[in-house]
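Protein chains: 2
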Amino acid sequence: MPDSSDSTVVTAALIIIGNEILSGRTEDANLTPVARGLGRVGVRLAEVRVVADDVAVIAETVNQCRAAHDYVFTCGGIGPTHDDVTAAALAQAFGVAVTRHEEAARRLMLHYGEDRLNESRLSMAHMPEGAELIDNPVSQAPGFRMANVFVMAGVPRIMEAMLDGVLPILSGGAKVLSRTLSAELPESELAAELARIQARYGETEIGSYPYFRQGCFGTSIVLRGTDAHMLERAVEEVGAAMRKLGVEPLEITAEESE
Amino acid sequence: MPDSSDSTVVTAALIIIGNEILSGRTEDANLTPVARGLGRVGVRLAEVRVVADDVAVIAETVNQCRAAHDYVFTCGGIGPTHDDVTAAALAQAFGVAVTRHEEAARRLMLHYGEDRLNESRLSMAHMPEGAELIDNPVSQAPGFRMANVFVMAGVPRIMEAMLDGVLPILSGGAKVLSRTLSAELPESELAAELARIQARYGETEIGSYPYFRQGCFGTSIVLRGTDAHMLERAVEEVGAAMRKLGVEPLEITAEESE
Numbered sequence: 074m075p076d077s078s079d080s081t082v083v084t085a086a087l088i089i090i091g092n093e094i095l096s097g098r099t100e101d102a103n104l105t106p107v108a109r110g111l112g113r114v115g116v117r118l119a120e121v122r123v124v125a126d127d128v129a130v131i132a133e134t135v136n137q138c139r140a141a142h143d144y145v146f147t148c149g150g151i152g153p154t155h156d157d158v159t160a161a162a163l164a165q166a167f168g169v170a171v172t173r174h175e176e177a178a179r180r181l182m183l184h185y186g187e188d189r190l191n192e193s194r195l196s197m198a199h200m201p202e203g204a205e206l207i208d209n210p211v212s213q214a215p216g217f218r219m220a221n222v223f224v225m226a227g228v229p230r231i232m233e234a235m236l237d238g239v240l241p242i243l244s245g246g247a248k249v250l251s252r253t254l255s256a257e258l259p260e261s262e263l264a265a266e267l268a269r270i271q272a273r274y275g276e277t278e279i280g281s282y283p284y285f286r287q288g289c290f291g292t293s294i295v296l297r298g299t300d301a302h303m304l305e306r307a308v309e310e311v312g313a314a315m316r317k318l319g320v321e322p323l324e325i326t327a328e329e330s331e
Numbered sequence: 074m075p076d077s078s079d080s081t082v083v084t085a086a087l088i089i090i091g092n093e094i095l096s097g098r099t100e101d102a103n104l105t106p107v108a109r110g111l112g113r114v115g116v117r118l119a120e121v122r123v124v125a126d127d128v129a130v131i132a133e134t135v136n137q138c139r140a141a142h143d144y145v146f147t148c149g150g151i152g153p154t155h156d157d158v159t160a161a162a163l164a165q166a167f168g169v170a171v172t173r174h175e176e177a178a179r180r181l182m183l184h185y186g187e188d189r190l191n192e193s194r195l196s197m198a199h200m201p202e203g204a205e206l207i208d209n210p211v212s213q214a215p216g217f218r219m220a221n222v223f224v225m226a227g228v229p230r231i232m233e234a235m236l237d238g239v240l241p242i243l244s245g246g247a248k249v250l251s252r253t254l255s256a257e258l259p260e261s262e263l264a265a266e267l268a269r270i271q272a273r274y275g276e277t278e279i280g281s282y283p284y285f286r287q288g289c290f291g292t293s294i295v296l297r298g299t300d301a302h303m304l305e306r307a308v309e310e311v312g313a314a315m316r317k318l319g320v321e322p323l324e325i326t327a328e329e330s331e
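So the protein lines, in turn, are chains A and B.
Under our numbering, the residue at position 110 of the first sequence is numbered 183, and the numbers go up by one with no gaps.
Under our numbering, the residue at position 244 of the second sequence is numbered 317, and the numbers go up by one with no gaps.
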């Protein structure tokens with residue numbers, strides 16, 4: 074585990090909002106891009122919650138997460154229908170009213186034109202008082218920010234476009250570097266030595282992931298940490314442990330292993 | 074929203090354990106099968122948490138979830154390596170010691186044989202005192218149950234096999250029936266009428282999901298509830314709303330829409 078007293082550790086929570094995920098109708102596609110995007114700017118995704126389209130539940134979850142983490146991101150529930158309750162929930166969480174955001178309304182008007190901007194579409198400009206807009210380059214209807222909470226769309230293509238705009242303004246901590254060594258060994262044979270290495274490298278997080286591929290059992294060891302020198306030493310020790318068991322480790326590059 | 078005072082509503086939480094999900098390295102593949110499996114036996118997945126491989130965090134999350142829901146399921150962290158800490162976390166959550174489960178050890182011995190059953194593999198028989206085994210027909214190393222908490226593997230193939238064994242012993246509530254109507258209409262045109270229908274059918278959960286498919290914008294309306302008669306009436310009203318806008322609704326069958 075990384076040392077949580079390290080002042081350079083910046084954490085985030087992701088709240089995925091939607092009955093359709095909880096019923097199993099729709100597979101979530103937002104967790105992984107949010108996790109990877111945050112990682113690139115030195116923010117660690119520390120927890121994810123998936124919650125129903127319920128104002129009280131969302132408000133309570135937002136308040137728990139914004140107290141516990143530097144940043145909170147939500148996905149989902151900002152469309153034009155009655156089951157889109159994220160704005161109401163954020164207003165409840167922050168104890169403010171929902172009001173029409175004039176700049177959001179202006180963008181919707183530009184996008185839809187006066188004749189196609191019905192009441193339902195205009196409801197996408199209803200936001201908690203004090204909301205700052207998050208641009209939506211895909212379909213205009215903006216997300217919004219309240220303090221450290223970033224409210225984004227649930228449609229993955231739109232969520233990713235909003236996230237791209239948000240990432241550059243976050244204050245990340247030290248970037249987590251990641252290395253992966255694989256070997257055709259069952260993880261139980263490496264386990265004892267890995268535990269000893271982990272005990273010596275407390276600041277490096279060492280994860281063990283077994284796989285079965287092309288008829289062979291193997292294990293990928295993922296080492297993550299912010300100190301490149303310590304990480305390199307831990308990688309060398311894991312590699313040596315694999316060689317001691319008679320198997321040459323294969324280093325997987327970041328793109329392959331991500 | 075379904076009426077939460079309805080005594081036939083049985084809810085569950087799923088806790089997905091693993092740094093590899095939070096870092097974006099591995100895509101979760103367990104949420105959807107758990108959601109669908111629970112749905113088939115009348116248990117509603119009400120929330121999901123994704124948490125790190127951290128004993129204190131897992132223990133606290135388990136205690137929050139087991140107080141709030143009829144059932145709790147966990148996936149991940151029960152393998153043979155140092156980062157598999159779910160058993161220790163459950164022991165902490167329940168205030169009991171970790172001890173060797175003799176029947177679990179016997180199964181591991183049968184599976185691996187004496188010469189291949191090293192200390193690391195045997196550690197998979199270390200469970201909280203009082204744990205009842207969950208069968209693992211894939212690779213033998215069992216999951217376990219403590220009160221209303223079911224601890225399963227993280228590898229999807231093994232998790233699904235464990236879940237198949239657990240589902241028949243759950244006491245589900247009224248089964249949630251689901252119907253889906255689709256129409257090539259933007260959801261904002263349906264929104265006002267949908268909100269009126271939802272207001273009249275409080276016990277039926279009406280979700281609106283826009284899609285873009287083969288060059289056409291459309292909306293799927295998913296209606297879910299336990300009362301078949303009320304559900305049918307709500308479906309008829311949604312269909313009528315679509316026809317009023319000049320579009321014939323298409324009913325999507327459960328297998329297509331699931």
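Don't be surprised by glycine CBs; every beta carbon is placed ideally from N, CA and C.
Here the structure is a predicted model, which is why all the values come from computation and not from measurement.
#### Entry: Whole-number beta carbon distance between residue 82 of chain A and residue 139 of chain A, since they are thought to touch under 8 Å
As a first step, residue 139 of chain A must be located in the first sequence, where it is residue number 66. As a first step, residue 82 of chain A must be located in the first sequence, where it is residue number 9. Not confirmed; about 17 Å, so no contact.
#### Entry: Cβ-based burial, residue 284 of chain A [other Cβ within 10 Å; buried from 16]
As a working note, residue 284 of chain A is residue 211 in the first sequence. Exposed, because fewer than 16 other Cβ atoms sit within 10 Å of the Cβ of residue 284 of chain A.
### Message
Strictly by DSSP, which residues pair up with residue 292 of chain B?
### Response
Stepping through the second sequence from its first residue, residue 292 of chain B is reached at position 219. Bridge partners of residue 292 of chain B: B:256 and B:283.
#### Entry: Start and end residues, alpha helix (DSSP H) containing residue 200 of chain B
Position 127 of the second sequence, counting from 1, holds the residue named residue 200 of chain B. That residue, residue 200 of chain B, is in no alpha helix (DSSP H); its beta strand (DSSP E) goes 199-201.
### Task
For chain A, find out if any of its Cβ atoms is closer than 7 Å to the Cβ of residue 155 of chain B; answer yes or no.
As a working mapping, residue 155 of chain B is identified with position 82 in the second sequence. So yes, residue 155 of chain B belongs to the interface.
### Query
Can you list the residues of chain B that residue 279 of chain A reaches, using a CB-CB cut of under 9 Å?
Residue numbering aside, residue 279 of chain A sits at position 206 when the first sequence is read from its first letter. Under the 9 Å cutoff, chain B gives 154, 155 and 156.
### Query
Apart from the five residues just before and just after residue 298 of chain B, which ones in its own chain have a Cβ nearer than 8 Å to its Cβ?
Residue 298 of chain B sits at position 225 when you count from the first residue of the second sequence. Correct list, in chain order: 75, 249, 250, 274, 276, 277, 278, 304 and 307.
#### Entry: Distance between residue 196 of chain A and residue 280 of chain B (C-alpha atoms, nearest Å)
Residue 280 of chain B sits at position 207 when you count from the first residue of the second sequence. Residue 196 of chain A sits at position 123 when you count from the first residue of the first sequence. Distance between the alpha carbons of residue 280 of chain B and residue 196 of chain A is about 17 Å.
### Query
To which residues of the same chain is residue 270 of chain B closer than 8 Å at the C-beta, ignoring the five residues directly before and after it?
Within the second sequence, numbered from 1, the residue matching residue 270 of chain B stands at position 197. The answer, listed in chain order, is 279, 307, 310, 311 and 314.
### Message
Quick check: what's the CA-CA separation for residue 220 of chain A versus residue 146 of chain A?
### Response
Counting from 1 along the first sequence, the entry for residue 220 of chain A is found at position 147. Counting from 1 along the first sequence, the entry for residue 146 of chain A is found at position 73. Approximately 11 Å between the Cα atoms of the pair.
### Task
Return no unless some Cβ of chain A is closer than 7 Å to the Cβ of residue 86 of chain B.
Numbered from 1 along the second sequence, position 13 holds the residue referred to as residue 86 of chain B. False, the Cβ-Cβ gap to chain A never drops below 7 Å.
### Query
How about residue 306 of chain B: is its C-beta nearer than 7 Å to some C-beta of chain A?
Here residue 306 of chain B refers to the residue found at position 233 of the second sequence. So no, residue 306 of chain B is outside the interface.
### Query
Just reading off the beta strand (DSSP E) that residue 147 of chain A is part of, what are its end residues?
The residue you call residue 147 of chain A lines up with position 74 of the first sequence. 144-148 is the extent of the beta strand (DSSP E) around residue 147 of chain A.
### Task
Please name the residue, chosen from A:165, A:92 and A:181, that lies closest to residue 212 of chain A on a Cα-to-Cα basis.
Position 139 of the first sequence, counted from the start, is the residue given in the question as residue 212 of chain A. For the residues A:165, A:92 and A:181, the minimum Cα distance to residue 212 of chain A belongs to A:181.
### Query
Mapping DSSP to helix, strand and coil, what is residue 110 of chain B?
Position 37 of the second sequence, counting from 1, holds the residue named residue 110 of chain B. Three-state DSSP puts residue 110 of chain B in a helix.
### Environment of residue 129 of chain B [buried if 16+ CB atoms lie within 10 Å]
For this step, residue 129 of chain B is matched to residue 56 along the second sequence. Residue 129 of chain B comes out exposed.
### Query
Per DSSP, residue 85 of chain A forms a beta bridge with which residues?
Translated into the one-based positions of the first sequence, residue 85 of chain A becomes position 12. Answer is A:118 and A:144.
### Task
Helix, strand or coil for residue 91 of chain B, going by three-state DSSP, please let me know.
As a working mapping, residue 91 of chain B is identified with position 18 in the second sequence. Residue 91 of chain B falls in the coil class under three-state DSSP.
### Query
Count the other CB atoms within 10 Å of the CB of residue 318 of chain B; is the residue buried (16 or more) or exposed (fewer)?
Start at 1 with the first residue of the second sequence, and residue 318 of chain B comes out as number 245. The residue is exposed, with fewer than 16 neighbouring Cβ atoms inside 10 Å.
### Query
Is the beta carbon of residue 232 of chain A less than 7 Å from the beta carbon of residue 103 of chain A?
Within the first sequence, numbered from 1, the residue matching residue 232 of chain A stands at position 159. Within the first sequence, numbered from 1, the residue matching residue 103 of chain A stands at position 30. In contact: residue 232 of chain A and residue 103 of chain A (Cβ atoms closer than 7 Å).
### Message
I want to verify the contact list: residues of chain A whose CB lies under 7 Å from the CB of residue 282 of chain B, in sequence order.
### Response
In the second sequence, counting from the first residue as 1, residue 282 of chain B sits at position 209. Those within 7 Å of residue 282 of chain B in chain A are 93.
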